[in-house]
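Notes to accompany the following structure.
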Amino acid sequence: MLDAQEGQALGLSHYLLDDAMVHDKAMELARRMAQNAPLSNYAILNAVARIENMSMAEGLFTESLMAAVVHTGPEARRGLEDFLQRRAPRVALDSSAADRERGARG
Numbered sequence: 064m065l066d067a068q069e070g071q072a073l074g075l076s077h078y079l080l081d082d083a084m085v086h087d088k089a090m091e092l093a094r095r096m097a098q099n100a101p102l103s104n105y106a107i108l109n110a111v112a113r114i115e116n117m118s119m120a121e122g123l124f125t126e127s128l129m130a131a132v133v134h135t136g137p138e139a140r141r142g143l144e145d146f147l148q149r150r151a152p153r154v155a156l157d158s159s160a161a162d163r164e165r166g167a168r169g
C-alpha cells in the first residue's frame, strides 16, 4: 500500500492537495476540460470506458483511431491556427454546455 506522497512520487497522480483544496481544484480542472473541443471530450468519455475491457492491441488501436479522428477535424485545425497565431483557442461549446457554463458563473 502506498501513501499519497509515495503515489505522487511514482507518477500516479498530478496533484497532492489538502482536503480543503480538493473541490476547488476539481472544479478548476472541470472548467478547463469543458473548454476542450466537444469531439475530444466525446471521444475521451466514450473510448476510455471501453478500452479497459479490450486487449492491449485493441486498446492501442482504439486510442490511435480516436486520436486520428479528433486531431484531423475542423476544431483541431482551428486550434492549431490559434496556437500558431498566438490567439486564445476558439472552441465552440454546444448550447447546453454554454448554458451550464453561464449558470456556473452566476
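Heads up: the sequence shown runs through residues 64 to 169, numbered per our numbering. Every residue, glycine too, gets a C-beta built ideally from N, C-alpha and C. None of the values given here were measured: they were computed from a predicted structure.
query: Let's see if you can read the secondary structure: which residues bound the alpha helix (DSSP H) around R113?; result: 101-114
query: Could you give the residue range of the alpha helix (DSSP H) that holds D81?; result: Looking at the DSSP string, D81 is not in any alpha helix (DSSP H), and its letter there is neither H nor E.
query: Per the contact definition of three or more C-beta pairs closer than 8 Å, is the region 87-106 in contact with the region 120-138?; result: yes
query: So, for Q71: in the same chain, excluding its five sequence neighbours on each side, which residues have a beta-carbon less than 7 Å away from its beta-carbon?; result: L79
query: Could you give the DSSP three-state label for S118: helix, strand or coil?; result: coil
query: CB D145 to CB A151, shorter than 8 Å?; result: yes
query: Quick check: L102 and G142, are their CB atoms within less than 8 Å of each other?; result: no
query: Tell me the DSSP secondary structure of R68 in three-state form.; result: Rather than Arg, the amino acid found at residue 68 in this sequence is Gln. In this structure, Q68 counts as helix in the three-state DSSP scheme.
query: Tell me the DSSP secondary structure of H86 in three-state form.; result: helix
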